[in-house]
Structure formats: C-alpha cells, structure tokens
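> Just so we're aligned, residue 15 is where the sequence shown starts under the numbering used here, counting upward by one.
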Amino acid sequence: NAQQAKFKDIKQGTILQLDASTQGQIYPMLLTVTSISDDELVFSYDIMGSMTGKFINSKANFEKGLRFNWDQPVSGEERKVPEDQTLLVISRTALKELKTNKKCTFNDQTLVLKDLAAGQELSVSGRQVDIIYAESEDGSTKYWILNNDAYPVLMKLTGNPIGIDLDVKEYK
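#1: Under 6 Å Cβ to Cβ from Thr-55, same chain only, skipping five residues before and after it: list those, please.
#2: Who does Lys-117 pair with in a DSSP beta bridge?
#3: In or out: Gly-140 buried (at least 16 other Cβ within 10 Å) or exposed?
#4: Could you pull the start and end residues of the beta strand (DSSP E) that Lys-156 belongs to?
#5: Beta-carbon separation of Ala-132 and Glu-97 under 8 Å?
#6: Please state whether the Cβ-Cβ distance between Asp-144 and Lys-22 is less than 8 Å.
#7: Where does Asn-174 sit, in a helix, a strand or coil, going by DSSP?
#8: Leu-180 bridges to which residues according to DSSP?
#9: Answer with buried or exposed for Asn-115, where buried requires no fewer than 16 other C-beta atoms within 10 angstroms of its C-beta.
#10: For Val-182, does the count of other Cβ atoms within 10 angstroms reach 16, so buried, or fall short, so exposed?
#11: Buried or exposed for Leu-109, going by 16 or more other Cβ atoms inside 10 Å?
#12: What span of residues does the alpha helix (DSSP H) with Lys-68 cover, start to end?
#13: Which value, in whole angstroms, describes the spacing of the CA atoms of Ala-34 and Leu-45?
#14: So, helix, strand or coil for Ala-132, using DSSP?
#15: Using C-beta distances below 7 Å, list every residue in its chain close to Asn-161, excluding the 5 sequence neighbours before and after it, in chain order.
#16: Check Lys-20 in the structure and name its three-state DSSP category.
#17: In angstroms with no decimal places, state the Cα-to-Cα distance between Phe-69 and Asp-129.
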C-alpha cells in the first residue's frame, strides 16, 4: 500500500458535519446528501439540532455559479438560489477553469491554484481527502475544494471576506 487512495466521493447519503464560524461563534451544521444527479445536488441541513431545511444546487448553479450564497438559513426552507450563486460548492465551470488555467474568478475574487504545503493536507474522519487548494490573489482567503469534477464541495474556507469560515469535521 504505497499510497492510500484519497477520498473524494459524494453520493446519496453522504454526510458532512461542518463548523461555520462567524464573529467568534461556531455553528455546527450536519449536511446529508438527500438527492444527487447530474442535474442537482440537494443537502438536507440540521444546524445545532434546532434548524432544518434543504440547500438545492441545480444544473444551472453548477454551470453558471459565480459566488456563494451566504444568506442566513431559515428553518423549514428549501432554498434554491439564482443561477449565478451556489450553496456549499463552487461551480463546475469555475473548477474546470481553475484546473485548466491555474486561476478562476469566484466569490468576487480571483482564485489562484496552489500546491499544498506539507502538513496542510486535509484529513477528515481519519481519511485523506482529495482536494484542490486555491487562494485569493492576495493570499488572505484560502479554499480547500473537493477534487470532484461533478460535485466540487467546499471542504474548508478561511479568511472569507464576508466573515463566515467553514471547516468540514466529518465526511462519510
């Protein structure tokens, strides 16, 4: 076993437990993939056991998304967002551009593909996660994106200009 295969699957029933941090507060969030196809990715969410709903990414979001939707969740909602926004994923178009051109524009920033420094790899639930790592041009915002062309889920985000950082703690 020279190198353990890195994990990058997203499928029906995949569970992501993440911490959303803002203004010094941490909000644990449990996301479960409840529907998945070429045309959509739906996460059911449970925030701190008190707020539930769904985040729905459509094919248009995956193809045309230019920025994340950071609107505060509303209990019971089934959130669909405008075509130029995404929920917890970057667009397939942005990921392809990042891989091809080593940079892309997303979330109102130019993201630059970077090599991960030793020790900066992402391990979740005891497994190495296959990620694409990018930084904003000035290096202040850092993105760890699941290296999955169909479902490029945001696994970790630090230095978000609007003040909400994310960190996936469990992935199964």
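Ideal placement from N, C-alpha and C gives every residue a C-beta, glycine not left out. Here the structure is a predicted model, which is why all the values come from computation and not from measurement.
Working from what's here:
#1: The sequence given here places Leu at residue 55; Thr does not occur at that position. Answer for Leu-55: Asn-71, Tyr-165, listed in chain order.
#2: Val-126
#3: exposed
#4: 156-160
#5: no
#6: yes
#7: coil
#8: Ala-34, Leu-171
#9: exposed
#10: buried
#11: buried
#12: Careful: Lys-68 lies outside any alpha helix (DSSP H), inside the beta strand (DSSP E) at 65-72.
#13: 12 Å
#14: coil
#15: Lys-22, Asp-144, Ile-145, Ile-146
#16: coil
#17: 31 Å
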